[in-house]
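Okay, so here's the structure we're looking at.
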Amino acid sequence: MVIAHVSDIHFGKIAHPTIVDDLVADVNAREVGLVAVSGDLTQRARRSQFKAARAMLDAFEAPTLVVPGNHDVFAWWHRPVSRIFDPLRRYRQYITDNLMPTFVEDGVAVLGINSAYGLTIKGGRIDEASREMIRSFFGAKEKGTFKVLVVHHHLTKIQALGKHDLARHAKRTLDAAMDAGVELILCGHLHVSHIEPLEIIPGAHRIVIASAGTATSSRGRKEHRDTNFYNIITVSEKVFVVEERRYDAENGGFVTESTTRFERRQRN
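When we follow our numbering, the leftmost residue of the sequence shown carries the number 135, and every step to the right adds one.
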C-alpha cells in the first residue's frame with residue numbers, strides 16, 4: 135500500500151502558479167492507494183477556496199481521506215456567529231460531512247479525526263467521541279493491520295520543531311492511539327516537514343509522527359519558509375518507508391528530499 139500524505143494546501147495563498155497541478159501529477163504518477171489530506175485546504179474558508187480544493191481532490195486518481203484544519207473554519211472577524219455554531223459548514227458542503235473518515239485496504243487501516251473547532255483560535259481540540267472511535271475502529275482490526283491516524287494538529291511536543299501548540303486533550307488522544315496499536319500519525323499545521331519516531335514504550339511500542347510541510351502554499355515556516363513538501367508512505371509486511379517530496383520550483387516538479395525507513399512493531 136502506498137499513501138500520499140498532503141497537508142496545508144491553503145488555497146488563497148498558493149506559492150507557484152503550477153504547483154497544485156504539479157502535485158496532482160506527481161501523486162498520480164505513482165501507484166498510490168490513498169491520498170490522506172491532514173487539513174487546512176483553504177486560507178480563509180471562502181467558497182472560491184473550497185471550490186478549488188474540491189477540484190484538486192477530484193483530480194487525484196486515488197481515493198481521498200480528508201480532515202479539516204483550523205483555517206477551514208470561518209474567521210472570527212468575518213462570520214463570528216457561524217464560527218461558534220457552525221464553523222465547518224462550508225467544509226461539509228464542499229469537501230465532506232464525514233468528520234471521522236475511514237479507509238481499509240490491503241492490510242492498512244486509516245482513520246481521520248477532527249481537531250478543528252470554532253471556539254479555538256489557532257490550536258485544536260479533540261473530543262471523547264474521536265478517542266472512542268480510535269479505540270473501536272482500530273480495535274476491531276485483525277493482528278498485523280498497519281494502523282494510521284490522520285489529524286491536523288499535533289498530539290505531542292516535538293523538540294526538533296521548537297515551541298508549538300498541541301490540540302487540547304492531546305495526551306489522552308495519543309494514549310488512545312497507543313493503546314489501539316497505531317503505528318503512524320499523519321499531521322500538519324506547523325508547515326515544517328519532519329519525521330520522528332516516539333518510543334512510547336521503549337523497545338516495545340513506537341508511534342512514528344509524520345508532520346508534513348505545506349504542500350502548495352507560500353506559508354512555509356522556519357527552515358522550510360520557502361519550500362513545499364508532501365510525503366509518500368510505502369507500507370509492506372515488515373517495514374514502512376516515509377519519503378519526503380520537495381517542490382523544485384525551477385524545474386516545476388517534486389523531487390525526493392529524504393527517505394526514512396522503519397521496522398514495523400505490531401502489538402495489536
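From the three backbone atoms N, C-alpha and C, an ideal C-beta is built for every residue, glycine too.
Model, not experiment: these values are computed from the prediction.
Distance from the CA of Gly173 to the CA of Ala311, rounded to the nearest whole angstrom, comes to 19 Å.
Beta-carbon to beta-carbon, Val136 and Val166 are separated by about 5 Å, close enough to satisfy the 8 Å threshold. Contact between the stretch 339-347 and the stretch 145-162 is not established, with fewer than three Cβ pairs separated by less than 8 Å. A direct Cα-Cα distance of roughly 14 Å separates Ala193 from Ala170. About 13 Å separates the beta carbons of Leu295 and His287, which is beyond the 8 Å limit, so they are not a contact pair.
Beta-bridge analysis with DSSP links Ile137 to Leu168 and Ile367. Restricted to the stretch 305-365, the beta strand (DSSP E) segments that are unbroken, complete and at least 3 residues in length are 318-321, 328-332 and 341-345, listed in chain order. The straight-line gap separating the alpha-carbon atoms of Tyr381 and Thr290 is approximately 27 Å. In this model, Gly273 and Val316 are separated by some 10 Å (Cα to Cα). Listed in chain order, the alpha helix (DSSP H) runs fully inside the stretch 239-302 are 262-273, counting runs of at least 4 residues. Contact between the stretch 316-332 and the stretch 148-158 is absent: fewer than three C-beta pairs spanning the two stretches fall below 8 Å.
By the CB criterion at 8 Å, Val373 and Asn365 fall outside the cutoff.
In this chain, the beta strand (DSSP E) harbouring Asp382 covers Val373 to Asp382. The beta carbon of His150 sits closer than 7 Å to the beta carbons of Ala383 from its chain, once the five residues preceding and following it are set aside; these are given in chain order. Leaving aside the five residues that flank Ser249 on each side, the residues in its chain whose CB is nearer than 7 Å to its CB run, in chain order, Gly258, Arg259, Ile260, Val285, His286, His287 and Ala301. Comparing C-alpha distances from Lys297 to each of Leu324, Asp309, Lys281 and Lys305 shows the shortest one belongs to Leu324. Per DSSP, the unbroken beta strand (DSSP E) holding Arg395 starts and ends at Gly387 to Glu397.
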